[in-house]
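This report concerns only the one structure given below.
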Ligand SMILES: [Zn+2]
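Numbering (this note's numbering), first residue to last: 106 to 549.
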């Protein structure tokens, strides 16, 4: 631009500015009759001469369809060029477009950043919009944090994604610890021992390291919606991330068996659909539908386990897992099982075993993570102390676990081993596990 100016085109900028101002006159009907088409014409010409404000105005016209055919692509391009040069009005308008996702992919974080920028530069009203979008984002983040597992401290490039423990969750909710986009990249800002602002490498409460994850990381809780409908879903949502570290569960064999059974189920469903098309009796059609629904629910639960096991969410693409409620086992199911080939029946029972075991593991991990969170929460401890049942369960566990018992006695500095040996005896060492599990709920 500067070189152009110096190389003998001093009038160009002036001309562009004149055209831009004329465009504004047409836009607002100052001294001339209001005429959007003429305004657009002036802005377009001014753009050609390199006017930046004209780009912004033309962008706004393309977005609103005033005086020109609405063209979001052009709107985004012109506004973007002006915004890149920090034109406050362009930032503001583009920010609003990112908020709703018109012409651009919806991106609330980007929206709030642009609106805040515009507000900082004094664009009228931008501060109110920035605050409004920020409030929506905060609410959404808090909702996510509450629904997601309390297990790891995870941040993305735009926000906190998951908390590691209850005290951290509380701090994030009350914003005494906040996400910042620091010069070193995304980080958590809290306080050090002296109450000074400090970037946190790890959780000050439980020591969990701050991990960076992609902003679109899918948590189990997200898949089931922000407020999981059943305790089972909630439990699984808590346990999910634990499983990712456990390579042993996702054995290739298990995944292969699940895959085969899923394929078989899809084949059987398709066969049943074809057969159903030939049926005339409503009764028969209804029965077939019930079986198809049941097999589909079964297949989806295998799919969900497989997706978890292989940590591959794309497996679920195209399947509506969320809408799947409980499906009753139809009478025909036993006949269906009998109709399977020996090989398929064997695979089916193996797959069922894998699913049940996997879900039990999830529950176990679950109980542990909830236990950890409970122990770390003073309010929960207070509650536990008042509950004779829970105290009894904890006491029972300590009493029945030798290592734990020794540890306990060591802490109390009173050795009561004799008493313990005498009392233990006949009790089974391992208690029966909870039997509720997601995958196998359809069975039996
Ligand atoms: Zn923590």
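Ideal Cβ placement from N, Cα and C applies to all residues, glycine included. All of these numbers come straight from a predicted model, not from anything done at the bench.
Practice prompt. Sort out for me which residues DSSP pairs residue 447 with in a bridge.
Written response: Taking the first residue of the chain shown as 1, we reach residue 447 at position 342. For residue 447, which the question treats as bridged, DSSP gives no partner whatsoever.
Worksheet item: Considering only the beta carbon of each residue, do residue 216 and residue 172 sit closer than 9 Å?
Response: Along the chain shown, read from residue 1 onward, the residue named residue 216 stands at position 111. Along the chain shown, read from residue 1 onward, the residue named residue 172 stands at position 67. Cβ atoms of residue 216 and residue 172: not closer than 9 Å.
Fill in: Distance cut-off 8 Å: residue 483 Cβ against heavy atoms of ligand 1
As a working mapping, residue 483 is identified with position 378 in the chain shown. Checking the Cβ of residue 483 against ligand 1 gives no.
Worksheet item: In or out: residue 419 buried (at least 16 other Cβ within 10 Å) or exposed?
Response: Counting from 1 along the chain shown, the entry for residue 419 is found at position 314. Exposed, because fewer than 16 other Cβ atoms sit within 10 Å of the Cβ of residue 419.
Item to complete: Pick helix, strand or coil for residue 493, following the three-state DSSP scheme.
Response: The residue you call residue 493 lines up with position 388 of the chain shown. If DSSP states are grouped into helix, strand and coil, residue 493 belongs with the helices.
Worksheet item: Does the Cβ of residue 313 lie closer than 8 Å to at least one heavy atom of ligand 1?
Response: Residue mapping note: residue 313 aligns to position 208 of the chain shown, counting from 1. Checking every heavy atom of ligand 1 against the Cβ of residue 313, one is found closer than 8 Å.
Worksheet entry | CA-to-CA distance, residue 491 to residue 552, given in whole angstroms | This structure gives no information on residue 552, because the portion of the chain shown stretches from 106 to 549.
Worksheet item: Is the closest heavy atom of ligand 1 to the C-beta of residue 273 under 8 Å?
Response: Taking the first residue of the chain shown as position 1, residue 273 is located at position 168. Under cutoff, so the answer is yes.
Worksheet item: ligand 1 heavy atoms versus the CB of residue 479: any closer than 8 Å?
Response: Along the chain shown, read from residue 1 onward, the residue named residue 479 stands at position 374. No, since every heavy atom of ligand 1 falls outside the 8 Å radius drawn around the Cβ of residue 479.
Worksheet entry | Reference residue 484, options 166, 271 and 227, closest by Cα | Numbered from its first residue, the chain shown carries residue 484 at position 379. Out of 166, 271 and 227, 271 has the C-alpha closest to the C-alpha of residue 484.
Worksheet item: With a cut-off of 8 Å, do at least 3 Cβ pairs link the region 361-370 to the region 391-398?
Response: no
Worksheet item: residue 286 bridges to which residues according to DSSP?
Response: Here residue 286 refers to the residue found at position 181 when the chain shown is read from its first residue. Paired residues: 291.
Worksheet item: Considering only residues of the region 114-138, which uninterrupted alpha helix (DSSP H) runs meet the minimum length of 4 residues and lie entirely inside it, listed in chain order?
Response: 115-133
Practice prompt. On a CA-only basis, which of 268, 305 and 508 is nearest residue 324? Give me that one, please.
Written response: Against the chain shown, residue 324 aligns to sequence position 219. Measuring from the Cα of residue 324, the nearest candidate turns out to be 268.
Worksheet item: If you compare alpha carbons, which of 201, 209, 210 and 443 is closest to residue 238?
Response: Residue numbering aside, residue 238 sits at position 133 when the chain shown is read from its first letter. Closest by alpha carbon: 201.
Fill in: Distance between beta carbons of residue 278 and residue 250, contact taken as under 8 Å
One-based indexing of the chain shown puts residue 250 at position 145. One-based indexing of the chain shown puts residue 278 at position 173. Confirmed, about 7 Å.
Item to complete: Would you check if the distance between the CB atom of residue 147 and the CB atom of residue 170 is smaller than 9 Å?
Response: Residue numbering aside, residue 147 sits at position 42 when the chain shown is read from its first letter. Residue numbering aside, residue 170 sits at position 65 when the chain shown is read from its first letter. No, Cβ-Cβ distance for residue 147 and residue 170 is not below 9 Å.
Practice prompt. Could you tell me whether any non-hydrogen atom of ligand 1 is closer than 8 Å to the CB of residue 268?
Written response: Here residue 268 refers to the residue found at position 163 of the chain shown. Because some heavy atom of ligand 1 lies under 8 Å away, the Cβ of residue 268 counts as near it: yes.
Practice prompt. Just the C-alpha distance for residue 373 and residue 179, rounded to the nearest angstrom, thanks.
Written response: Locating residue 373 in the chain shown gives position 268, counting from the first residue. Locating residue 179 in the chain shown gives position 74, counting from the first residue. If I take the Cα positions, the gap works out to 50 Å.
Fill in: First and last residue of the uninterrupted alpha helix (DSSP H) at residue 517
Translated into positions along the chain shown, residue 517 becomes position 412. First-last of the alpha helix (DSSP H) with residue 517: 507-517.
Discussion item. Between residue 284 and ligand 1, is there a pair consisting of the residue's CB and a ligand heavy atom that are separated by less than 8 Å?
Written reply: As a first step, residue 284 must be located in the chain shown, where it is residue number 179. No, Cβ of residue 284 sits at least 8 Å from all heavy atoms of ligand 1.
Worksheet item: Given a threshold of 16 other Cβ atoms within 10 Å of its Cβ, counted over all protein chains shown, does residue 153 qualify as buried or as exposed?
Response: The residue labelled residue 153 in the question sits at position 48 within the chain shown. The residue is exposed, with fewer than 16 neighbouring Cβ atoms inside 10 Å.
Discussion item. With a threshold of 7 Å on Cβ separation, who are the neighbours of residue 524 within its own chain once the five nearest residues in sequence on each side are excluded?
Written reply: Residue numbering aside, residue 524 sits at position 419 when the chain shown is read from its first letter. Only weak support is given to the placement of residue 524: the predicted model assigns it a pLDDT of 49, under 50, and the question is left unresolved by the model.
Worksheet item: Does the beta-carbon distance from residue 223 to residue 231 come in below 9 Å?
Response: Sequence index remark: in the chain shown, residue 223 carries index 118 (1-based). Sequence index remark: in the chain shown, residue 231 carries index 126 (1-based). Yes; because the gap between Cβ atoms is below 9 Å, this pair is in contact.
Worksheet item: Residue range of the beta strand (DSSP E) that residue 265 falls in?
Response: Position 160 of the chain shown, counted from the first residue, corresponds to residue 265. Here the beta strand (DSSP E) through residue 265 covers 265-267.
Worksheet entry | Assumed close pair residue 414, residue 463 - CB separation to whole angstroms, cut-off 8 Å | Translated into the one-based positions of the chain shown, residue 414 becomes position 309. Translated into the one-based positions of the chain shown, residue 463 becomes position 358. Confirmed, Cβ separation roughly 7 Å.
Worksheet item: Can you name the start and end residues of the beta strand (DSSP E) that residue 232 belongs to?
Response: For this step, residue 232 is matched to residue 127 along the chain shown. Unbroken run through residue 232 is the alpha helix (DSSP H), 231-252; no beta strand (DSSP E).
Practice prompt. Would you identify the three-state DSSP class for residue 435, choosing helix, strand or coil?
Written response: Residue mapping note: residue 435 aligns to position 330 of the chain shown, counting from 1. In this structure, residue 435 counts as coil in the three-state DSSP scheme.
Worksheet item: How long is the line joining the alpha carbons of residue 132 and residue 426, rounded to whole angstroms?
Response: Your numbering for residue 132 matches position 27 in the chain shown. Your numbering for residue 426 matches position 321 in the chain shown. Roughly 51 Å separates the two Cα atoms.
Worksheet item: Taking DSSP as the reference, what is the three-state secondary structure of residue 413?
Response: One-based indexing of the chain shown puts residue 413 at position 308. If DSSP states are grouped into helix, strand and coil, residue 413 belongs with the helices.
Item to complete: Measure from the alpha carbon of residue 322 to the alpha carbon of each residue in 287, 281, 264 and 313, then state which is nearest.
Response: On the chain shown, position 217 is the one that residue 322 refers to. The option with the nearest alpha carbon to residue 322 is 264.
Practice prompt. Quick one: give me the first and last residue of the beta strand (DSSP E) that residue 260 is part of.
Written response: One-based indexing of the chain shown puts residue 260 at position 155. Residue 260 -> beta strand (DSSP E) spans 258-260.
Worksheet item: Per DSSP, residue 316 is paired with what?
Response: Here residue 316 refers to the residue found at position 211 when the chain shown is read from its first residue. Residue 316 pairs with 259.
Worksheet entry | C-beta atoms of residue 307 and residue 256 nearer than 9 Å | Translated into the one-based positions of the chain shown, residue 307 becomes position 202. Translated into the one-based positions of the chain shown, residue 256 becomes position 151. Contact: no.
Worksheet entry | Residues near residue 442 in its chain [Cβ-Cβ closer than 8 Å; skip 5 each side] | Taking the first residue of the chain shown as 1, we reach residue 442 at position 337. Setting aside the 5 residues that flank it on each side, residue 442 is surrounded in the same chain by 450 and 453, each with a C-beta closer than 8 Å to its C-beta; the list follows chain order.
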